[in-house]
Amino acid sequence: MSEDHDLKREIPVLDWDSHLAERTKSMQSSAIRELLKITQDPEVISFAGGLPAPEVFPIQEVDEACSYVLQNMGKKALQYSATEGYYPLKEFLASSMHKYGIPALPENVLLTNGSQQALDLVGRIFIDPGTFVLSGRPTYLGAIQAWGAYQAKFHTMRVDEQGMVVDEIEHAYEKAFNESGKPPAFIYVLPNFHNPAGTTLPLERRIKLAEIATKLDIAVIEDDPYGQLRFEGDHIPPICHLIPERTIYLGTFSKTMAPGLRLGWIVASEALMKKLIQAKQGCDLHTGTFVQYVANDICERGLLKPHIDKIRKVYKKRRDTMLDSLAEFWPEECSWTKPEGGLFLWARVPETIDTDKFLREKALKEKVAYVPGINFYPNADGGHDAMRLNFSYAPPEVIVEGIKRLGLALKKEIAGG
Ligand SMILES: Cc1ncc(COP(=O)(O)O)c(C=O)c1O
Numbered sequence: 015m016s017e018d019h020d021l022k023r024e025i026p027v028l029d030w031d032s033h034l035a036e037r038t039k040s041m042q043s044s045a046i047r048e049l050l051k052i053t054q055d056p057e058v059i060s061f062a063g064g065l066p067a068p069e070v071f072p073i074q075e076v077d078e079a080c081s082y083v084l085q086n087m088g089k090k091a092l093q094y095s096a097t098e099g100y101y102p103l104k105e106f107l108a109s110s111m112h113k114y115g116i117p118a119l120p121e122n123v124l125l126t127n128g129s130q131q132a133l134d135l136v137g138r139i140f141i142d143p144g145t146f147v148l149s150g151r152p153t154y155l156g157a158i159q160a161w162g163a164y165q166a167k168f169h170t171m172r173v174d175e176q177g178m179v180v181d182e183i184e185h186a187y188e189k190a191f192n193e194s195g196k197p198p199a200f201i202y203v204l205p206n207f208h209n210p211a212g213t214t215l216p217l218e219r220r221i222k223l224a225e226i227a228t229k230l231d232i233a234v235i236e237d238d239p240y241g242q243l244r245f246e247g248d249h250i251p252p253i254c255h256l257i258p259e260r261t262i263y264l265g266t267f268s269k270t271m272a273p274g275l276r277l278g279w280i281v282a283s284e285a286l287m288k289k290l291i292q293a294k295q296g297c298d299l300h301t302g303t304f305v306q307y308v309a310n311d312i313c314e315r316g317l318l319k320p321h322i323d324k325i326r327k328v329y330k331k332r333r334d335t336m337l338d339s340l341a342e343f344w345p346e347e348c349s350w351t352k353p354e355g356g357l358f359l360w361a362r363v364p365e366t367i368d369t370d371k372f373l374r375e376k377a378l379k380e381k382v383a384y385v386p387g388i389n390f391y392p393n394a395d396g397g398h399d400a401m402r403l404n405f406s407y408a409p410p411e412v413i414v415e416g417i418k419r420l421g422l423a424l425k426k427e428i429a430g431g
């Protein structure tokens, strides 16, 4: 048989499903990833993804940093490196975390491939099949997906205009305990400019949450990718500031530098850090050395802060444009949150409209996309009348057009189709 013939040979089909682990069988691809495929169509105005504005990516800064790193430290930057991360970057992050209100030494910082990997590592070390997680409803879809893979179960607390209703935590804890016979693994909280709700947890609720977590002796996962993107109002101390001993804080460069770098970090106590490092070793040995050197160079040269100031202005304008357009074009039966920062707002429509059906049957025909609310409910028990709208990606004039199209379609639907 010639080699050529061998290469063209068809690969026989195997029933892979019967070979998979039990936990893998229930894995599902994220609705957003699926939706993003549809929105590749350049004619579709997408409010669906959580994409930063590509016009403000720090391309020149990254270009200069790449050249500098390759020319001056290329032999180290292209080599394997420590699982913990590049020490100078850990030092930079520890010091910027201090300014943000989080007591951290470089030893408390672990570099990750974005916060998404941090969520996965948390799942690896805390979740057995059937372990409960306490989260808000709605909550970040990527966390539901990451922990679902470890067969987590969820009990949830409502999210209102001020974020998670922390008074409901104890009840959720009790339910989890009664059902599984053991305490839930942790409370998952999105304190600033919540994805998807756009809400910010006020200081009083953070203090209450810290008290409850201490009373219940439970850990807190504080996921904070948007905290630096505040458009107005004052910085509120993170939960990790209040109870550093029991909080695992997650940060990322995805929204402040660029998501394609895949660079995030975990702040945790040194005792827990050992377990996180062991989990990460089995996963990917370490986060890319080169990308850490490049990010560190940008940070060391003092270019990150002015860049964040720049994107804050751009996103504030886009948020204002979206809020103005909603007020102008949407029916009065609808309502929405008014985020003080971040990338998203949460809109509600009359209960008679199912946002999942409306997306497929109406909005996409008008060439506009959003994420239906149900995707953010871990137990699929709500969000039918809600949607997440992203305001960072589309330029202002496109936002106006997209919100207008959706508004007209909603008015028509309310009037009876
Ligand atoms: C709340 C939240 N956590 C984590 C992530 C993951 O971010 P990344 O892996 O890009 O750092 C995102 C991304 O949108 C997010 O919104």
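The sequence shown begins at 15 in our numbering and counts up one residue at a time.
Virtual Cβ for every residue (Gly too), placed ideally from N, Cα, C.
Quiz item: With contact counted as at least three CB pairs below 8 angstroms, one residue from each stretch, are the stretch 238-246 and the stretch 204-213 in contact?
Solution: yes
Quiz prompt | Touching by the beta-carbon criterion (3+ pairs, under 8 angstroms), the stretch 245-265 and the stretch 109-126 | solution = yes
Quiz prompt | Beta-carbon gap between Arg219 and Pro392 smaller than 8 angstroms | solution = no
Quiz item: Any idea what DSSP makes of Ala400, helix, strand or coil?
Solution: strand
Practice problem: Could you tell me if the beta carbon of Asn404 falls within a distance shorter than 7 angstroms of some heavy atom in ligand 1? | Solution: no
Quiz item: Name the DSSP bridge partner or partners of Ser339?
Solution: DSSP output for Ser339 lists no bridge partner at all.
Self-check item: Limits of the alpha helix (DSSP H) - the one that Asp395 falls within
Solution: First-last for Asp395: undefined, no H or E at that position.
Quiz item: Are there 16 or more other CB atoms within 10 angstroms of the CB of Tyr94, so buried, or fewer, so exposed?
Solution: exposed
Exercise. Tell me, please, which residues DSSP counts as bridged to Leu264.
Key: Asp237, Ile280
Quiz item: Among Ala293, Thr351, Gly355, Asn192, which residue has its Cα nearest to the Cα of Val363?
Solution: Thr351
Quiz item: Among Pro210, Gln159, Gly156, Val385, which one has its Cα closest to the Cα of Phe358?
Solution: Pro210
Exercise. Could you please give me the residues that DSSP links to Pro68 through a beta bridge?
Key: Partner(s): none; Pro68 has no beta bridge.
Practice problem: Would you decide whether Glu175 is buried or exposed? Buried here means 16 or more other CB atoms lie within 10 Å of its CB. | Solution: exposed
Quiz item: Any idea if Met41 is buried or exposed, counting beta-carbon neighbours within 10 angstroms, 16 or more meaning buried?
Solution: exposed
Exercise. Flag this pair as yes or no: are the beta carbons of Phe304 and Ala91 separated by less than 8 angstroms?
Key: yes
Exercise. Take Ala233 as the anchor and find which of Ala394, Val27, Leu124, Phe146 has the nearest alpha-carbon.
Key: Phe146
Quiz item: DSSP beta-bridge partners for Arg362?
Solution: Ser349, Ala400
Practice problem: Using beta-carbon positions only, say whether Tyr154 and Asp31 come within less than 8 angstroms of one another. | Solution: no
Quiz item: Just the Cα atoms here: how many angstroms apart are His2 and Glu78?
Solution: No information on residue 2 is available, as it lies outside the stretch 15 to 431 that the chain covers here.
Quiz item: Beta carbon of Pro66: closer than 7 angstroms to some heavy atom of ligand 1?
Solution: no
Self-check item: Near ligand 1: Leu107 beta-carbon under 7 angstroms from a heavy atom
Solution: no
Quiz item: Alpha carbon to alpha carbon, how far is Ser129 from Ala429?
Solution: 43 angstroms
Quiz prompt | DSSP three-state assignment for Phe140, whether helix, strand or coil | solution = helix
Exercise. Determine the direct distance from the alpha carbon of Pro117 to that of Val180, and round the result to whole angstroms.
Key: 24 angstroms
Self-check item: Proximity of Glu406 and Pro68 at Cβ, strictly below 8 angstroms
Solution: Looking at the sequence provided, one finds Ser at residue 406 rather than Glu. Not in contact: Ser406 and Pro68 (Cβ atoms no closer than 8 angstroms).
Exercise. Please report the Cβ distance between Thr126 and Gly278, rounded to the nearest whole angstrom; I am assuming they are in contact, meaning their Cβ atoms lie under 8 angstroms.
Key: 5 angstroms
Quiz prompt | Check: Gln130 C-beta below 7 angstroms from any heavy atom of ligand 1 | solution = yes
Quiz item: Would Ala166 pass as a contact of Gly137 if the rule is Cβ separation under 8 angstroms?
Solution: yes
Quiz prompt | Inter-residue spacing [alpha-carbon to alpha-carbon] between Leu275 and Asn192 | solution = 43 angstroms
Self-check item: Spatial neighbours of Gly254 in its chain, beta-carbon cut-off 6 angstroms, leaving aside the 5 residues before and after
Solution: Note that residue 254 is Cys in the sequence shown, not Gly. Result list for Cys254: Ile116, Glu236, Thr261, Tyr263, in chain order.
Exercise. Please say whether Gly416 and Ala400 have beta carbons closer to each other than 8 angstroms?
Key: no
Self-check item: Per-residue DSSP class, three states only, for Phe245
Solution: coil
Quiz item: Out of curiosity, what's the CA-to-CA distance linking Leu103 and Asn86?
Solution: 17 angstroms
Quiz prompt | Cβ-heavy atom distance, Thr266 to ligand 1, below 7 angstroms | solution = yes
Quiz item: DSSP state of Lys167, grouped into three classes?
Solution: strand
Quiz item: What three-state label does DSSP hand Ala377 in the structure shown?
Solution: helix
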